[in-house]
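Trainee: In the numbering used here, the protein residues as written are 882 to 1068. Positions of the beta carbon are idealized from the N, C-alpha and C atoms, including for glycine. Sending over a structure as structure tokens; questions will come in a sec.
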Amino acid sequence: MIKHVPTPEHLKPKPEDIDLYARALALSHAPRQTPLYERLLNYLYWAVILAAMTWVASMVIDREPPVRVISREIANPGRQVRIGERLLIRSARERMRQCELTRRWWLVDGAGRRLDYEPERFDAYGPLGREDEIIGPTIPLDATPGRGRLLGAVAYDCNPLQRALGWSIVVMLPALEFEILPRERTP
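Rendered as structure tokens:
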């Protein structure tokens, strides 16, 4: 049998305590009353976070090459070049935006050996639109005469994320075939 012990008189709640408990209960379950400036700062904070995440996401999905190659051809007469001379490539392209780029060339000579050139890094800034230029590497002195092929790749860095991570937009250039002639003999 459970014996009920009455609450001592000094522990019984007083009417003012009951009001205090009721007020605390109402505050704990009532909607939050935040000042207007705190709500505005909260919205501003989340807007900045969302904008930063959107900016990073836009850099991640940016994989469109900024330049479209219209044509590339050998400009040397008869598509022939002598060892030690410059191979001339006439190219036309359409630039849609400006980016930093690294161009890499490699040559397959008459013996089928691959000869690599040093990468060329430069800023491809300038007017947008069509560009025509004549560029090209010099045929190395140790190249073997015969049918040669020039291969190349261009790596574009168009935004800070691509620069920081080395996550460039890489475009392989079409191979160009030409004839490597021996050096001219000087008397």
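Using 8 Å as the threshold, is the segment 993-1003 in touch with the segment 1042-1061, meaning 3 or more CB pairs across them?
Mentor: no
Trainee: Which residue wins for smallest C-alpha separation from residue 1003, given the options 1026, 977, 908, 1039?
Mentor: Restricting attention to 1026, 977, 908, 1039, the CA atom closest to the CA of residue 1003 is found in 1039.
Trainee: In terms of residues, what are the limits of the alpha helix (DSSP H) holding residue 937?
Mentor: 917-941
Trainee: Quick test of your reading: residue 942 and residue 970, contact by CB under 8 Å. State the CB separation rounded to the nearest angstrom.
Mentor: About 32 Å; that fails the 8 Å criterion.
Trainee: For residue 945, which option in 973, 915, 922, 980 has the closest C-alpha, if you only look at C-alpha atoms?
Mentor: 980
Trainee: When the Cα atoms are used, what is the spatial distance from residue 973 to residue 1014?
Mentor: 7 Å
Trainee: Between which two residues does the beta strand (DSSP E) containing residue 1135 stretch?
Mentor: The question about residue 1135 has no answer, for the chain in this structure spans 882 to 1068.
Trainee: May I ask you to report which of helix, strand or coil DSSP gives residue 964?
Mentor: coil
Trainee: Taking the beta strand (DSSP E) that residue 997 belongs to, which residues open and close that run?
Mentor: Per DSSP, residue 997 belongs to the beta strand (DSSP E) from 995-997.
Trainee: At the level of alpha carbons, what is the spacing between residue 995 and residue 953?
Mentor: 21 Å
Trainee: Starting from residue 972, follow its DSSP beta bridges and name the residues at the other end.
Mentor: 953, 1014
Trainee: List the residues that DSSP assigns as beta-bridge partners of residue 988.
Mentor: Looking at the DSSP assignment, residue 988 forms a beta bridge with 996, 1031.
Trainee: Grouping DSSP H, G and I as helix and E and B as strand, with all else coil, what is residue 1056?
Mentor: In the three-state reduction of the DSSP assignment, residue 1056 falls in the strand class.
Trainee: Grouping DSSP H, G and I as helix and E and B as strand, with all else coil, what is residue 945?
Mentor: coil
Trainee: Does the beta carbon of residue 1034 fall short of 6 Å from some heavy atom of the ligand GTP?
Mentor: Within the structure as shown, the ligand GTP is missing, as the structure has no ligands at all.
Trainee: Excluding five sequence neighbours on each side, which residues of the same chain lie with their C-beta closer than 8 Å to the C-beta of residue 1018?
Mentor: 967, 968, 986, 988, 998, 1031
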